[in-house]
Structure formats: C-alpha cells, structure tokens
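For the record, in the sequence shown the residue sitting at position 58 is 87 according to this note's numbering, with numbers rising by one throughout. Here is the structure we will look at.
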Amino acid sequence: MVAEPFRQSSNQSTQGLSTDQSQHLLSWMRILQQALTLEAENGFKNLEGRQENFHAFLVRQLTDPPSGLLPTKSQARLGQLAEAFASYPDSSESARRRLVTDSRQLLHGIRQELEPPTPIGPPRLKQGGAERKRQIPLPSGNRSLTLESPLSEVKGIGPKLAERFAGLGLLLVKDLLQYYPRDYVDYSSLRRIQALEAGEAATIVATVRRCHGFTSPRNPNLSILELQLQDPTGRLKVRRFFAGRRFSSPAYLKSQSRLYPPGVTVAVSGLVKGGPYGMSFQDPLIEVMESPHSPLRSQSIGRLLPVYALTEGLTADRFRDLVRQVLPLAASWPESLPEQRRQALRLPRRSDALVAIHHPDDQHTLKSARRRLVFDEFLLLQLGLLKRRAELRSCSAPVLQTAGRRDGLVARFLELLPFPLTAAQQRVLTEIEADLVLSEPMARLIQGDVGSGKTVVAIAALLTAVEAGWQGAFMAPTEVLAEQHYRTLCCWLPQLHVSVELLTGATTRIRRRQILDDLVNGSLKILVGTHALIEDPVAFSRLGLVVVDEQHRFGVKQRNRLLNKGLQPHLLTMTATPIPRTLALSLHGDLDVSQIDELPPGRTPIQTQMIKGCDRDQAYQLIRDQVSRGQRAYVVLPLIEDSEKLDLRSAVKVHTHLSEQVFEEFTVGLLHGRLSSSEKQGVIQSFAAGDCQVLVSTTVVEVGVDVPQASVMVIDHADRFGLAQLHQLRGRVGRGAAASHCVLINDSTNPLARQRLEVLVRSSDGFEIAEIDLRLRGPGQVLGTKQSGLPDLALASLADDGAVLEEARDEAQRLLSEDPNLTDHSRLKELLEAQWQHLSGTAHLN
C-alpha cells in the first residue's frame with residue numbers, strides 16, 4: 030500500500046503546542062528524516078542496523094509516535110505508512126522509492142507547521158549623495174551668502190516671499206537654519222507589499238507589471254495614472270491623479286505611461302491606506318530606479334521628510350527646497366562647546382546637528398542631532414539662571430538680625446493664630462529665617478498646593494523684616510488677590526501695631542500720595558499691591574523683604590524693577606501652581622525651592638466628578654442641597670459674554686438664567702474681570718457674608734477668594750481650562766469642615782479632553798496634575814510664557830527632555846566653576862548676552 034502525498038490543512042495546525050512539546054516532536058521527526066535520507070542515498074536496499082532493519086525501525090516509530098502531539102488526521106496517515114513499511118522488503122524498488130518519498134513529504138509538511146517559513150525581509154535602498162551631504166556646494170546664485178545674509182538675497186526669495194518669512198520671524202539665513210521642523214513624515218520605513226499596514230508611512234521597492242493612463246469617466250478634468258506593481262510577497266495598485274484638462278490629452282497620458290514601462294523597478298513612498306480592494310498609497314512619490322541596487326536620486330523617497338510650520342503663500346515643497354539651498358552654510362556655524370567637552374558629552378558638532386535636523390539620514394541621526402540642539406538651548410538657559418544667581422549672591426543685603434529667634438513680633442503673631450503651624454510650614458519658616466540672617470540676598474520660592482498655608486509663612490517673614498527695622502512689600506498679580514492678602518494682613522497686624530496699606534490701580538490720588546509719603550518717611554511698614562508697586566513714584570525708605578505671590582505671572586523685568594526699589598532686598602516668592610522639577614529648574618533655576626507638602630489638619634477631601642452638559646440639573650440639585658444646609662456654591666465659566674466664534678455659555682447669560690429660572694429662592698451674584706475693584710470687592714464680601722449664596726464667575730475666583738462656607742464648585746466647559754487651572758479653581762472649596770464637591774461639566778467629544786479631566790477626577794495631588802498638564806499642553810500654555818520670564822525654546826520640550834536638562838545644568842555649573850565670566854568661552858558668552866538681553870530688556874539682572 031502506497032500513501033498519497035500529504036497536504037496538511039490549516040484546521041489541523043500544530044501551532045498550539047508548547048515550546049518543549051514542539052522540540053520533542055521535531056526531535057522525533059529528525060530521527061525519522063535521517064533514516065529516510067540514508068535509505069534513499071543507499072539505493073532503497075532496506076539497510077541493516079545493529080539491532081533491526083530499516084523497515085522494522087520505521088514500522089516501530091510510525092506505530093508509536095509522540096503521544097497527543099499530532100492531529101488525528103496526521104496520526105491516521107502515519108498508521109497507513111506503518112502498514113506500507115511492513116511489506117517494504119517484498120516491494121519493488123520503485124514502490125520503495127515512492128513510499129520513502131511520501132513519508133518524507135508527510136514529515137516535511139508537519140515540520141513546516143511547527144517551523145513557519147521566515148518572511149522575506151524588507152527591501153534595501155541606497156540614498157544617493159547622503160554620504161556627501163556636507164560637501165554639497167551652494168547653488169551658483171547663492172555663492173556670496175553667509176549666515177548673516179538677509180533672506181532676500183537667497184535665490185528664489187523675492188520681496189513678497191521675504192515679507193512672508195519675516196512674518197515667521199525669519200530675517201537672516203541663520204534664522205532659517207534655526208527654524209526647525211515641527212515633525213517628520215517617516216518614509217524611511219521600508220516594507221514588502223505583504224507587510225504594509227493602513228495608516229503608516231512606508232516605502233516599497235517593486236517591479237512594474239503594467240501601467241495605464243486614463244481620464245476619469247465621472248470627471249473629464251481628472252486624469253489617472255495606474256501602476257500595477259509586484260514584489261516577491263504580493264501585488265499592489267498605485268494611482269497618481271492629475272487635475273486639469275491639460276493633463277487629459279491621450280498624448281500626455283501616453284508620455285506618462287512610458288515613464289514606467291513593464292519590468293522596470295520603482296521605489297514608492299506614501300501614506301498607506303486600506304480599501305475594499307486592498308492596500309494602496311495616498312499621494313505616492315515614485316522614482317524609477319536604474320536597477321534594484323541603484324542609489325535613489327530623490328530627496329524625499331525612503332527618507333525622513335521634514336514638516337515645517339508654514340504661513341500663507343509658502344508650500345511645503347518650496348520651503349524644503351529653500352532650506353536645502355542654504356543648508357551647506359551650516360558647515361560654517363561656529364562651535365560653542367570645546368572639542369573635549371563635546372566628545373565627553375557624546376554630542377555631534379553643532380554644524381552637523383543643523384544639517385541632520387533638516388535632512389536626517391535615519392532616526393538615529395535625527396535623535397543625535399536633536400539632543401545636541403536641545404542641549405544647547407538648555408545650556409544657555411541654565412548658564413543665564415546660574416549667572417543671575419551668582420550676581421545676586423555677590424550683592425549685599427540687609428542682615429535681619431532678629432531672624433532665628435522665635436520671639437517678638439513673629440512669636441506674638443503665631444500665638445494669635447487659631448491653629449498651630451504644620452511641620453511643613455515650620456520647616457519652611459526655619460529655612461527662610463536661616464537665609465535672612467545672611468548678608469547675601471535670599472532668593473527663595475515657596476511651592477505649596479492650594480490651602481497649604483503659604484501666606485501665613487510669608488506674613489511671619491515680613492514681620493521678621495519689620496522687627497529688624499526694615500520695610501516689606503507684598504506683590505500679587507491681580508487686584509482681587511492683592512485685596513485678599515491685604516484683608517488677611519489686617520486681621521493680624523493691627524493687633525501687633527504694625528502698619529499695612531494697599532496700593533492698586535484703583536487707589537485714589539489723595540490716598541496714593543499719603544501712602545507714598547508714609548513709605549518714604551518709614552512710618553509705613555508693609556505695603557501690599559499689584560504691579561502698581563513697581564511704578565517709578567513708589568519709593569521705599571528701607572525695603573528689606575519682597576514677597577511675590579503667584580511668581581510665574583510676573584516677568585523677569587517686573588520682578589527686577591521691584592527688587593531695585595531697595596538696597597538689595599531679600600526675595601521670597603510663592604506659587605500655588607505646583608511645578609514639575611524640569612519646569613522648576615528652567616523657570617526658577619536661580620531660586621532655592623521650599624515645598625509645603627502638607628495640608629492643615631481638618632481639611633476634608635474634595636469629591637470630584639465629571640458630567641455631560643445634558644446633566645447640568647444634577648449639578649444644580651447638588652447646589653440646592655448644599656445651600657439649604659447653609660453652604661455656598663461657585664459656578665465658573667470661561668467667558669464673560671457670548672462669543673460669535675465660540676459656542677460657549679457665558680457668565681452673564683448663565684447668571685441671568687440661574688437667578689431668574691433655576692435658583693429663584695437664592696441670591697445669585699456675578700463676578701468677572703470687567704467689574705471695577707470696588708464692585709468686585711462688594712460681590713466677594715456679599716458672598717463671604719452669606720448675603721449671596723451662589724456666585725457665577727469667570728476665572729477671577731481662581732485666586733484670592735477664600736470663603737470657608739463654599740462647598741460646591743461647578744465648572745462649565747471644563748475642557749476649556751488647563752488641568753493646573755482647574756486644580757486651582759477646585760481649591761476654592763474644601764476650605765472649611767464640610768464635605769465639598771467639584772463638578773466638571775464637559776460637552777467636548779474630544780477623547781483627549783476627557784482623558785485630561787479624568788486625571789482631575791482621580792487625583793488630588795497638585796504635582797501629579799501639573800506634570801500631566803505640562804506633558805499634554807506644554808509650558809507656554811501652562812504658565813503663559815510671555816509673562817513667565819522663560820526664554821522661548823525652539824526645540825526643547827520641558828515635558829520630554831528632562832534628562833538633557835539635567836545634563837545641561839551640570840555642564841553649566843562645571844563651566845561657571847572653572848570660568849565664572851566665560852572669558853575662555855567667548856561664543857557662549859556672546860550667545861548668553863544676546864539671549865538675556867532679549868529676555869530682560871535693559872533691566873538689571875539682580
């Protein structure tokens with residue numbers, strides 16, 4: 030009996046075996062294959078072994094295969110072969126040959142199931158000219174260009190285009206080279222046709238089977254060139270579209286078809302898209318290759334293609350071409366790092382990095398180039414901050430000799446408080462007192478979550494300055510917050526016989542003159558105010574300590590103007606916006622940081638939930654329940670009035686709706702930034718006193734409104750706010766003993782918006798929230814870069830490049846320790862002076 034050739038069906042797969050089982054089965058089959066091979070090589074003579082003949086060995090092995098490892102159908106075939114091998118000695122040579130061959134086929138089929146064939150690897154491409162990139166000469170029309178040349182001198186850039194470049198802030202050739210791509214299209218991902226996946230950018234190398242040009246039957250102005258391609262793994266149709274009647278002539282289509290004759294090799298790059306007829310490329314780039322191993326001439330196919338932020342009138346291809354024209358000039362870019370340090374830090378040359386960021390060979394080259402350019406940005410930033418700090422410490426500051434003794438004004442103030450300081454507050458106050466007894470100016474930042482008690486620590490520090498015979502200034506970014514601090518100080522300082530006044534834009538002329546006179550003659554000890562404190566007429570007699578609240582809202586120039594009011598006063602800054610370490614190093618690298626990481630006892634956690642706009646009635650019912658228990662509620666909106674551009678509810682409109690239709694039994698107040706200072710104060714006082722139970726507001730309440738009886742915060746259109754800002758708003762409730770609630774109303778269908786808000790629902794850790802906010806939105810939106818004093822970062826990401834920032838800070842410290850004035854690093858010194866002059870204007874760097 031002769032078995033038929035074996036073809037194993039897919040439903041009999043042996044792929045469910047474990048690794049050990051597969052190895053055992055393969056070992057058994059390998060022994061059989063060796064026996065069958067020996068028999069075939071020796072002429073099918075039924076070889077004799079030491080103990081038995083070939084056929085007896087086969088019968089025994091096939092009758093008793095490894096138990097349970099083979100599909101049922103395979104076991105049946107093995108049984109048939111065993112019966113056939115029993116009569117092997119009496120069979121003819123041709124029958125023996127057929128039986129051995131069939132047995133080998135069966136075993137080979139099973140083995141293929143266990144060892145699937147290795148897929149064909151991706152094609153290989155040679156990029157033409159990549160290794161000669163740095164030697165590419167300037168086009169003949171640009172031979173006279175330098176890095177300082179105006180862009181209008183570049184061939185192809187006329188007056189109109191130069192004006193458009195100016196709109197992007199690009200005036201000189203060096204500006205264009207430092208205008209980095211915002212992203213890349215990765216055509217360097219080489220694939221076989223069978224391995225293409227929808228949604229990825231990829232490149233294939235294939236052979237043209239057929240090319241056909243025709244006009245669309247539905248649109249006579251649209252012509253289509255269709256190529257049928259093939260590689261060792263499959264087939265693919267690629268189409269190019271030509272819009273316009275001039276492309277629809279048969280002669281033109283024929284000329285295009287002749288570019289891609291059957292049998293020619295092409296490289297194709299594009300975005301892969303799926304469809305009912307399989308995969309295809311969207312807007313493919315196609316180049317005919319001389320042979321499968323020839324280098325590509327294209328600057329796009331198979332490469333990482335840079336994508337730039339453009340302006341109207343500039344196409345992507347035109348912009349890339351202009352950058353490519355001036356790219357050889359990057360070779361003349363001066364190096365800012367000494368060669369020894371550059372190699373120790375494993376950084377490429379600045380000139381090579383500039384070339385690679387615009388025209389990378391591969392992901393590794395791009396990553397290395399980006400690391401160098403990011404390092405340079407952070408190095409300049411850290412050098413500036415550290416030099417600023419060194420300059421500050423070289424100045425003389427008042428020595429507040431009463432600091433460190435917990436008696437006098439500070440001791441009496443702490444006795445007046447109805448609560449003891451937390452351990453974190455005591456630790457931070459001790460750190461401040463240790464700074465104030467030194468002759469070098471203190472520069473310290475207090476970071477603390479909403480309600481952690483930063484203001485109490487600041488008051489104690491101000492009283493230390495007063496007791497030492499000096500004056501104090503307390504600056505806040507808004508009138509609401511300044512008035513809040515003034516009222517807080519008025520609760521305690523009159524009892525200690527310490528004078529305090531408030532100076533804002535709303536202060537009357539007569540009152541202002543009296544305050545300024547008292548300030549000059551020294552009878553006024555503490556002045557609270559907004560940016561009005563830094564105006565020229567304001568002069569202190571003996572300014573010893575400056576406290577700045579919400580530090581990140583003031584620019585470097587504003588902060589320095591206030592510091593220049595005194596000999597060199599000590600500086601204490603505070604922020605309730607928790608700042609991740611990378612951002613703190615960048616923004617406050619010139620400050621010592623103290624953290625109040627403990628909330629006062631008795632604070633109840635705030636229950637946060639997210640609802641849809643159609644469920645607003647749930648939020649209103651929660652407000653009604655809480656107000657009926659004597660509590661109060663906020664309703665916060667992003668807009669004051671209706672906007673034609675944004676489909677958002679406004680504070681004015683919601684106030685009218687709530688007061689007239691929803692909460693007729695309650696008094697509903699309205700607070701927003703357009704109210705005068707006295708009007709704002711009246712609304713807040715009414716809310717605090719309980720005359721108004723529901724307060725509709727914009728983000729004016731983010732800081733400065735402290736009402737312990739408020740237990741509900743409803744934030745409409747919550748997706749329009751940043752996470753850190755939402756956390757600040759949520760901190761307006763939960764300041765009393767009652768359980769508090771925060772309701773986020775989200776109508777956005779954007780999944781990212783929902784993901785952000787869910788972070789707030791599950792976490793009350795301000796630092797975790799700030800870290801995520803920084804990663805999602807970037808430092809510019811988190812802090813407001815214009816006012817933060819943070820230099821523009823063209824490429825660096827404070828969320829993603831923390832490790833490079835640390836390296837740059839270490840290198841900056843090393844450089845300044847060896848060369849404090851950067852005398853031996855003239856290029857770095859030049860860059861640093863240019864950057865900080867741009868950042869700070871003519872303000873003195875304290």
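Glycine residues also receive a C-beta, built at the ideal position from the N, C-alpha and C atoms.
Secondary structure note for K416: its alpha helix (DSSP H) is the uninterrupted segment Q392 to S423. Spanning the alpha carbons of L805 and P780 requires a straight line of approximately 13 Å. Around the CB of N775, 16 or more other CB atoms lie within 10 Å, so the residue is classed as buried. S468 has its alpha-carbon roughly 5 Å from the corresponding atom of A426. The beta carbon of T244 sits closer than 8 Å to the beta carbons of L251, S252, I253, S277 and L282 from its chain, once the five residues preceding and following it are set aside; these are given in chain order.
Annotation for K189: the continuous alpha helix (DSSP H) segment containing it runs P188 to G196. Here DSSP, grouped into helix, strand and coil, assigns N82 to strand.
Taking C-beta atoms as the reference points, V656 and L700 fail to come closer than 9 Å. In the DSSP assignment, G263 is bridged to D260. Around the beta carbon of Q513, 16 or more other beta carbons sit within 10 angstroms, so the residue counts as buried. Under the 10 Å beta carbon count, G185 is surrounded by fewer than 16 other beta carbons and is classified as exposed.
Around the beta carbon of G477, a 10 Å sphere encloses 16 or more other beta carbons of the protein chains shown; the residue is thus reported as buried.
Burial of L860 is indicated by the presence of at least 16 other C-beta atoms within 10 angstroms of its C-beta.
In this structure T517 is not in contact with V439, their Cβ atoms being roughly 16 Å apart against a cut-off of 8 Å.
Taking 9 Å as the cut-off, the Cβ atoms of R347 and P389 do not count as close. The straight-line gap separating the alpha-carbon atoms of A280 and V355 is approximately 39 Å. Cα atoms of E835 and R661: separation of roughly 46 Å, rounded to the nearest angstrom. Contact between the stretch 188–197 and the stretch 303–319 is absent: fewer than three C-beta pairs spanning the two stretches fall below 8 Å. Secondary structure at F276: helix, using DSSP grouped into helix, strand and coil. Restricting attention to C721, P629, Q624 and I744, the CA atom closest to the CA of P667 is found in I744.
Ranking V479, V466 and K483 by CA distance to the CA of R456 puts K483 first. Of R759, S706, K641 and Q62, the smallest CA-CA separation from T778 is found for K641.
Counting every other CB atom within 10 Å of its CB across the protein chains shown gives C424 a total below 16, marking it as exposed.
For D621, the beta-bridge partners assigned by DSSP are R473.
In the displayed model, C721 falls within coil according to three-state DSSP, outside both helix and strand.
The beta-bridge partner set that DSSP reports for H599 consists of L574. Shown here, Q638 sits in a strand according to DSSP, grouped into three states. Per DSSP, I233 is not a residue of any alpha helix (DSSP H); the beta strand (DSSP E) it occupies stretches across A230 to T244.
The C-alpha of Q109 lies about 45 Å from the C-alpha of E226. For Y663, the pairing in a beta bridge is given by DSSP as L724 and M742.
Relative to I625, the option among V486, V665 and S178 whose CA is nearest is V486. The DSSP-derived three-state label of G795 is helix.
E226 sits in coil when the DSSP states are folded into three classes, being neither helix nor strand. Of the other Cβ atoms in all chains shown, fewer than 16 fall within 10 Å of the Cβ of C520; this residue is therefore exposed. When rounded, the separation of the alpha-carbon atoms in V295 and A224 is 18 Å. Residue pairing of V297 in beta bridges, as defined by DSSP: I233 and I315.
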